[in-house]
């Protein structure tokens, strides 16, 4: 690292409320991982998204490629669809990634088969690119993957075995969408299927998949098996199920309350449940059951959860009815519920820090109603939280061991300045207060939920620092990491066997991909 790189790493920036922070950690993969929540706001400016990823790709290619799979991973990763598709497309366009990479990565295993279909048509519609041998090879390998899976599914269906969801995501001729009708015709041609054969294959496989929307559109509501309804469908069609199949649906809901039925929810984000629940005026058994069914962290303890309740958190997420505060509320309640040390307790802050105790609340509905009482949204004084912790420690003469080992801060990171004259960053000032009081700063975990900014509150911390962003419960694995360095904590996730497929691509091959 030369002198100018070192200077770049020390460039300071300010939050919208004036607190000094950093513009980068010096590790571009950590930076982009901390900025995931703003990706949805960048989708109209796809070049900016690539500009964030490209430095990480050049700085640490193998881990950047693993992270790309982690970004899409619905089950164990961040679960971002559109940002992944944009980045994968730009990776293909702006590097020399080839068909071997596409086939090796098995993209559909981390997301859905329509990820491949989407990439195929982005490349197909780029007439200039489509003329090149490399791009044609990539398109051909995608068609081969689709055809091989359809053949496998047909064979499995004949033998009464399970099939993939590919047929669900294949475009059809009969759709009202002009774009999808065009895509269906192109795929028929590339797969060498007649329209009749194409329709027959999709009809057969979709029947095997048991698509709930098909039963709804054909008015076969009584044939819907509610235990099997996917997560999103349960959230979207809850009222429709009552309107068209009231007796069976109410019986199913009653069975849910008695733990005699199951419900799918793991493909949802926490805030999707919370946002829907905030519109309800009474307890909703479907939403309660979905919430209870979310994945639980194994080792979340000795962590004080801090929730940002300031005014900037009330902004809506792009193309969504959910707000940033919905996200923070959902993550906060989820973390406090699963906190072995401070169960159902946390701190919320705006102008002042307040202690919230949800132990008297019997369900999610009551917890959300209780949280509504803490509606001060005047400013974002995070320093007040640490002042309260230090004041308690000094006044009660507590030892270091008596204080929380970790502090998890769920925020859009737009903290207030302590004053306008400091040359130190906000958390350097807070760290000095800890030292002056005879204590050490605990491990800090920043969960960024902002969609419009990416200021870095800290670059390092003696007792540990984790920087993460996004909406998935799978991120709790990173929250619970014992690593003290943000990059090591991220590498711990990316070194999981799930992303080891990237290890099969040689260094020589990766170098070839990135040659200009």
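Residue numbers (UniProt numbering): 1 to 516. C-beta: ideal position from N, C-alpha, C; glycine also.
Between residue 328 and residue 307, the beta carbon gap of about 5 Å places them in contact (Cβ cut-off 8 Å).
In the DSSP assignment, residue 300 falls outside any beta strand (DSSP E), carrying neither H nor E. Less than 7 Å separates the beta-carbon of residue 305 from that of residue 335.
In this structure, the straight-line span from the alpha carbon of residue 203 to that of residue 157 is close to 12 Å. The alpha-carbon of residue 261 is positioned some 51 Å away from that of residue 514. Going by DSSP, residue 137 is part of the alpha helix (DSSP H) stretching over 133-158.
Around the CB of residue 399, fewer than 16 other CB atoms lie within 10 Å, so the residue is classed as exposed.
Here residue 372 is not near residue 358, since their CB atoms are 7 Å or more apart.
Sorting 24, 39, 22 and 26 by C-alpha distance to the C-alpha of residue 450 places 39 at the top. With a cutoff of 7 Å on beta-carbon distance, residue 49 and residue 86 are scored as near each other. As the crow flies, the alpha-carbon of residue 273 is around 7 Å from that of residue 291.
For residue 316, the three-state secondary structure derived from DSSP is strand. Spatial neighbours of residue 408 in its own chain (CB-CB distance under 6 Å, excluding positions within 5 residues in sequence) are listed in chain order as 303, 305 and 445. Straight through space, the alpha carbons of residue 63 and residue 507 are spaced by roughly 12 Å. Following the DSSP letters along the chain, one finds residue 233 inside the alpha helix (DSSP H) bounded by residues 231-236. Take residue 215, set aside five residues on each side of it, and the residues of its chain with a beta-carbon closer than 8 Å to its own are 221, 223 and 224, in chain order.
Between the stretch 69-81 and the stretch 474-489 there are three or more inter-stretch CB-CB distances shorter than 8 Å, so the stretches are counted as touching. In the structure shown, residue 190 adopts helical secondary structure according to DSSP, grouped into three states.
Remark: C-beta atoms of residue 209 and residue 168 approach each other more closely than 7 Å. Of the residues 101, 82 and 431, the one whose Cα lies closest to the Cα of residue 319 is 82. Where residue 353 is concerned, the enclosing beta strand (DSSP E) starts and stops at 353-357. In the three-state reduction of the DSSP assignment, residue 41 falls in the helix class.
Burial state of residue 116 is buried, judged by a 10 Å Cβ sphere holding 16 or more other Cβ atoms.
If you draw a straight line from the Cα of residue 213 to the Cα of residue 243, it comes to about 15 Å. Restricting attention to alpha helix (DSSP H) runs no shorter than 4 residues, the stretch 68-120 encloses them at 81-94 and 99-105, ordered along the chain. Taking a contact as a CB-CB distance under 8 Å, the pair residue 448 and residue 413 counts as one, their CB atoms being some 6 Å apart. Looking at 281, 264, 276 and 271, the one whose alpha-carbon comes closest to that of residue 293 is 264. Between residue 425 and residue 34, the gap from beta carbon to beta carbon reaches 7 Å or more. In this structure, DSSP gives residue 498 a helical state, which the three-state scheme calls helix.
Assignment of residue 305 by DSSP, reduced to helix, strand and coil, places it in the strand class. Annotation: residue 512 to residue 183 spans about 32 Å, alpha carbon to alpha carbon.
One alpha carbon belongs to residue 405, the other to residue 442, and they sit about 6 Å apart. If you look at residue 469, you'll find it in the beta strand (DSSP E) that goes 465-469. DSSP lists 411 and 469 as the beta-bridge partner residues of residue 448. Around the beta carbon of residue 229, 16 or more other beta carbons lie within 10 angstroms, which makes this residue buried. For residue 323, the pairing in a beta bridge is given by DSSP as 316.
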